[in-house]
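Peer 1:
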Amino acid sequence: MAPRGSKKGSSDPTQNQTLVLDNGAYTLKAGLISSSSQILPTYEDCRVAPNCIARSSREKRVYIASELEKCNDFGEMAFRRPVEKGFIVHWEAEEAIWEHEFLNAKTGLRCDPKETNLLLTEKPNCPAVLQKNCDEMVFEQFGFSNYYRCIGPTLNAYHPPTPSSLSSLPQECLLIIDTSYSDTTILPVYSGQILHSAVRRLSIGGKLLTNYLKELSSLRHYNMMEETHLLNEIKEAVSFVAHSTQAFSKDLDRTWKGRIGDKRELDPSIVVDYVLPDYEHTSRGYARPHDPVKAMMRRGLQPMQGPREDILPLGNERFAVPELLFNPTDIGIQEAGLPECVMQSLSALPEALKASMLRNIMVVGGNSLIPGFMERLESELRAVTPSEYTLNITRADDPIKHTWLGAARFASNPDMLKSVLVSKAEYDEKGSTWLGKRFATRAANDPLEL
Amino acid sequence: MPLIEVLPNSGAVRAPGYAYVADTGYDPSKVAINPKDRKRVSHRPGGPPSGNELSARQQTAIARRIAELQRDNDPKQIINPPVKPIPKTSATKKILLSNKTIKNWLDDEEAMLQLQQQAPPPRDPARAARALVNRRLSTLASVPGTPFEANSPVPSIPAAIPRIEDATMSDDPLLSISKSVPREPDRAEIEALLAVPPLPYSASFATSSAGGTPQRFFCDNCGYWGRIRCLKCGTRVCGLECKDAHEGTRCLKWA
Ligand SMILES: [Zn+2]
Ligand SMILES: [Zn+2]
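Those sequence lines, one after another, are chains A and B.
Under full-length UniProt numbering, residues 1 to 450 are what the first sequence spells out, in order.
Under full-length UniProt numbering, residues 1 to 255 are what the second sequence spells out, in order.
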């Protein structure tokens, strides 16, 4: 395939297509972007697949990534995730997943690394050794033609602020709140470049919330410690964030059973029964209003004839679990809650930047989809923002694919892309230590020249 | 069918092994996770209320439970891909065969950091790491760059280096944002800021400030307010009923 910039001669190794990959701990977001087409990429160009290998002991088989879409029985499914705390750690599993999703002609995007650029995103504060491992795998194992690795959320600066104003990119000041599976990070971005000294992290992410719900349900009802997939499904179906600390207290009262001699009625507007899937007739469960009689009937007490039901009643679990994003100390995690994380990040910036960041806050990541999350975050941020500052906070239209889309839009611009890519030939000549330095310093140099 | 089993009901009522505690807002578990907070606590007027102190055993229990909730992969569940990848170079062979977890890698990074500082281990690794970054920043600005850096605008910064506020220095981050009229940041200031290297992972956490929201305590069994404390393990429960359930399930589980 002839590179687009052929006017610069045949020495330009840049390929016409780029694999844009946001390699998350829970799902990977991927798509092939052409740098010659004039059409701006959209969410539709993004393919989402579980970033894991799973083993079903019942079906006696192993699933790789998107193969799980065809799975109907998640009972006792065990998962292995190559990404830990947001960083690629287990390359044997990741290799198999990338092979399956991108290279394989039958199951994947059919991309030939030799004719493809790779734009790979990473989490902030990645240990340098893991970055080096990643770079070596990309060039030496997969053999991509050209490659750029950067902190994913920074590429959200390449979304046009208004549909027609691409020319003003990257946005000058952008504060990204990325609340995802591994954790939640606050990333101040200036002209598409991360301001490292002000990046702040909260160790609460979707993984911890699911594990916490699993722990609570197992303590209070059934042993569900092997049912991570199911608990994640339940979390996504029933969780909500209380509007305020006061509302939290009120809801806690409404969902309390009372004490001996002073039994209380559970508030049916909050308490639900989750009907568990049996993985024979149903592969997904659903929530319905709480029925105290049915909830009392556990397995064994139900009729042998007719449909049997397993019900998981959910009361304060619905809001006490996501509450950890705002009050991590509730379970003894000694970190600042999300609104304070944002303020601590801002306090590490010069005054003028603080004001501009507050005016342009963008929330990405799956936890932002929990009902009530945005309202609580905005109202708590507003409470600590001095009145002379403007606060503008929005959630991305699709918070899961948004960072990928920012990266895809960056990759669709041949000039921007070319300025950051490193070719395999250059890597072979200079090595991985040089490459690590180049990706780290490049970030500080380029944006002002774009 | 998902694997589920009905948990046993709690045993018969026993002699009360609980104590009433007053919620004072003091958070003893801070000491458990952040040993560095010991200093702050001991400096607080009057010191910590005696009824809320956590034993070393309780602190370990909290830390273990959190580690379990934070875990990415189950070390007992090794799932190998159906087809083992064939390493193409010696470097990728080493990477593909590595069994290290993220905890191992982060511990390595911490050890490196301590070595670099060539000083006794800091009481607060986060603050020490940020101080290190600030030192690196001043080096960046004063020492002539390497040939690669010389192409960048960084070395041209005048002696005036912007002060990177250490967020943990002030207990109220708001104080610094509310004062002074915002002015346009000058270019040198921004370029210096952009040149700051990343913080190490362990230094990237926003620490909970002493003046933050008061600690809330919940019933370990049902999740309601934890008004009484189990004398055996120190965990809170809401009443006698939940105390019995607690003793039958989680009492001392993490100890
Ligand atoms: Zn209780
Ligand atoms: Zn106990």
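Here a beta-carbon is modelled for each residue, glycine too, at the ideal position from N, C-alpha and C.
Because the structure is a prediction, the values reported are computed rather than measured.
Could you give the DSSP three-state label for VAL83 (chain A): helix, strand or coil?
Peer 2: If DSSP states are grouped into helix, strand and coil, VAL83 (chain A) belongs with the strands.
Peer 1: So the beta strand (DSSP E) ASP273 (chain A) belongs to, where does it begin and stop?
Peer 2: Element bounds for ASP273 (chain A): 272-275.
Peer 1: Does the distance between the C-beta of TYR222 (chain A) and the nearest non-hydrogen atom of ligand 1 fall short of 6 Å?
Peer 2: Flag unset: Cβ of TYR222 (chain A) not near ligand 1.
Peer 1: Could you tell me which residues DSSP pairs with CYS173 (chain A) in its beta bridges?
Peer 2: Bridge partners of CYS173 (chain A): A:TYR190.
Peer 1: VAL238 (chain A) and PHE373 (chain A) - do their beta-carbons sit closer together than 7 Å?
Peer 2: Against a cut-off of 7 Å, the Cβ pair of VAL238 (chain A) and PHE373 (chain A) comes out as no contact.
Peer 1: Once the 5 residues before and after PRO328 (chain A) are set aside, which same chain residues still bring their CB inside 8 Å of it?
Peer 2: So the qualifying residues of the chain are LEU202, SER203, ILE204, GLN334, GLU335, ALA336, GLY337.
Peer 1: For SER55 (chain B), go through chain A and note every residue whose CB falls closer than 9 Å to its CB, in chain order.
Peer 2: Correct list: empty, because the minimum Cβ distance to chain A is about 14 Å.
Peer 1: Would you say CYS230 (chain B) touches ligand 1, meaning its beta carbon is less than 6 Å from a heavy atom?
Peer 2: Flag unset: Cβ of CYS230 (chain B) not near ligand 1.
Peer 1: TYR286 (chain A): beta carbon under 6 Å from a heavy atom of ligand 1?
Peer 2: Because no heavy atom of ligand 1 lies under 6 Å away, the Cβ of TYR286 (chain A) does not count as near it: no.
Peer 1: Are there 16 or more other CB atoms within 10 angstroms of the CB of THR18 (chain A), so buried, or fewer, so exposed?
Peer 2: Under this definition THR18 (chain A) is a buried residue.
Peer 1: What does PRO82 (chain B) touch in chain A if you count any residue whose Cβ is under 7 Å from its own?
Peer 2: The contacting residues are VAL62.
Peer 1: Counting only beta-carbon atoms, is VAL196 (chain B) nearer than 7 Å to chain A?
Peer 2: True, the Cβ-Cβ gap to chain A drops below 7 Å.
Peer 1: Which stretch, first to last residue, makes up the beta strand (DSSP E) that contains GLY31 (chain A)?
Peer 2: 27-34 is the span of the beta strand (DSSP E), which, as asked, contains GLY31 (chain A).
Peer 1: Identify the contact partners of GLU92 (chain A) in chain B, using a Cβ-Cβ distance below 8 Å as the criterion.
Peer 2: Result: ASN80, PRO81, LYS84, PRO85, LEU96, LEU97.
Peer 1: Return the chain-ordered ranges of every alpha helix (DSSP H) run that is complete within the segment 242-288 of chain A and spans a minimum of 4 residues.
Peer 2: Segments of the alpha helix (DSSP H) lying fully in the segment 242-288 of chain A: 245-254.
Peer 1: Which residue's Cα is closest to the Cα of TYR158 (chain A): A:GLU140, A:GLN171, A:ILE331, A:ARG382?
Peer 2: Ranking A:GLU140, A:GLN171, A:ILE331, A:ARG382 by Cα distance to TYR158 (chain A) puts A:GLN171 first.
Peer 1: Between the alpha carbons of ALA320 (chain A) and ASP267 (chain A), how many angstroms are there, rounded?
Peer 2: If you take the alpha carbons of ALA320 (chain A) and ASP267 (chain A), they lie about 16 Å apart.
Peer 1: Using the Cα positions of PRO197 (chain B) and LYS100 (chain B), report the straight-line distance between them to the nearest angstrom.
Peer 2: Distance between the alpha carbons of PRO197 (chain B) and LYS100 (chain B) is about 26 Å.
Peer 1: So GLY248 (chain B) contacts chain A; which residues on that side make the cut at Cβ distance below 9 Å?
Peer 2: Under the 9 Å cutoff, chain A gives no residues; its nearest Cβ is about 11 Å from GLY248 (chain B).
Peer 1: Have a look at VAL48 (chain A) and LEU28 (chain A) and give me their C-alpha separation to the nearest angstrom.
Peer 2: Cα-Cα distance, rounded: 6 Å.
Peer 1: For a test of your reading of the model: does the CB of CYS233 (chain B) fall under 6 Å from any non-hydrogen atom of ligand 2? Yes or no.
Peer 2: Yes, Cβ of CYS233 (chain B) sits closer than 6 Å to a heavy atom of ligand 2.
Peer 1: Suppose contacts are defined by Cβ-Cβ distances below 7 Å. Is SER368 (chain A) in contact with PRO399 (chain A) by that definition?
Peer 2: Going by C-beta atoms, SER368 (chain A) is nearer than 7 Å to PRO399 (chain A).
Peer 1: Within this structure, are the beta carbons of SER347 (chain A) and ARG200 (chain A) separated by less than 7 Å?
Peer 2: Against a cut-off of 7 Å, the Cβ pair of ARG200 (chain A) and SER347 (chain A) comes out as no contact.
Peer 1: Would LYS232 (chain B) and CYS219 (chain B) be called neighbours here (beta carbons separated by less than 7 Å)?
Peer 2: No, Cβ-Cβ distance for LYS232 (chain B) and CYS219 (chain B) is not below 7 Å.
Peer 1: Compute every distance between the C-beta of CYS251 (chain B) and the non-hydrogen atoms of ligand 2, then say whether any falls below 6 Å.
Peer 2: CYS251 (chain B): yes, Cβ under 6 Å from ligand 2.
Peer 1: Does LEU69 (chain B) have its Cβ less than 7 Å from a Cβ in chain A?
Peer 2: LEU69 (chain B) counts as touching chain A.
Peer 1: Could you give the distance in angstroms between the alpha-carbon of ARG284 (chain A) and the alpha-carbon of GLU265 (chain A)?
Peer 2: Roughly 29 Å separates the two Cα atoms.
Peer 1: Can you give me the start and stop residues for the alpha helix (DSSP H) that GLN77 (chain B) sits inside?
Peer 2: Looking at the DSSP string, GLN77 (chain B) is not in any alpha helix (DSSP H), and its letter there is neither H nor E.
Peer 1: Give me the subset of the segment 321-348 of chain A whose CB atoms are less than 8 Å from a CB atom of chain B, sorted by chain position.
Peer 2: Going along the segment 321-348 of chain A in chain order, one finds ASN327, PRO328, THR329, ASP330, ILE331, GLY332, ILE333, GLN334, GLU335, ALA336, GLY337, GLU340, CYS341, MET343, GLN344, SER345, LEU346, SER347, ALA348 with a Cβ nearer than 8 Å to chain B.
Peer 1: With the cut-off set at 7 Å, would you say ARG80 (chain A) and ALA25 (chain A) are in Cβ contact?
Peer 2: Against a cut-off of 7 Å, the Cβ pair of ALA25 (chain A) and ARG80 (chain A) comes out as no contact.
Peer 1: Assuming contact is defined by CB atoms lying nearer than 7 Å, are THR390 (chain A) and GLY315 (chain A) in contact in what I supplied?
Peer 2: Their beta carbons are not under 7 Å apart, which means THR390 (chain A) does not touch GLY315 (chain A) by this criterion.
Peer 1: Let me know the beta strand (DSSP E) ranges lying completely inside the segment 364-439 of chain A, each 3 residues or longer, listed in chain order.
Peer 2: Within the segment 364-439 of chain A, the complete beta strand (DSSP E) runs of at least 3 residues are 393-395.
Peer 1: If GLN141 (chain A) and THR92 (chain B) are in contact, beta carbons under 8 Å, what's the gap, nearest whole angstrom?
Peer 2: Right, the Cβ-Cβ distance comes to about 4 Å (below 8 Å), so this counts as a contact.
Peer 1: Going by other Cβ atoms of all chains shown within 10 Å of its Cβ, with 16 needed for buried, is ASN156 (chain A) buried or exposed?
Peer 2: Its Cβ being crowded by 16 or more others within 10 Å, ASN156 (chain A) is buried.
Peer 1: What are the partner residues of ARG201 (chain A), as DSSP defines its beta bridges?
Peer 2: Paired residue(s): A:THR185, B:PHE205.
Peer 1: How long is the line joining the alpha carbons of GLU149 (chain B) and MET362 (chain A), rounded to whole angstroms?
Peer 2: Low local confidence applies: a pLDDT of 34 at GLU149 (chain B) is under 50, so the model's placement there is unreliable, with the coordinate-based value given in what follows. The straight-line gap from Cα to Cα measures roughly 32 Å.
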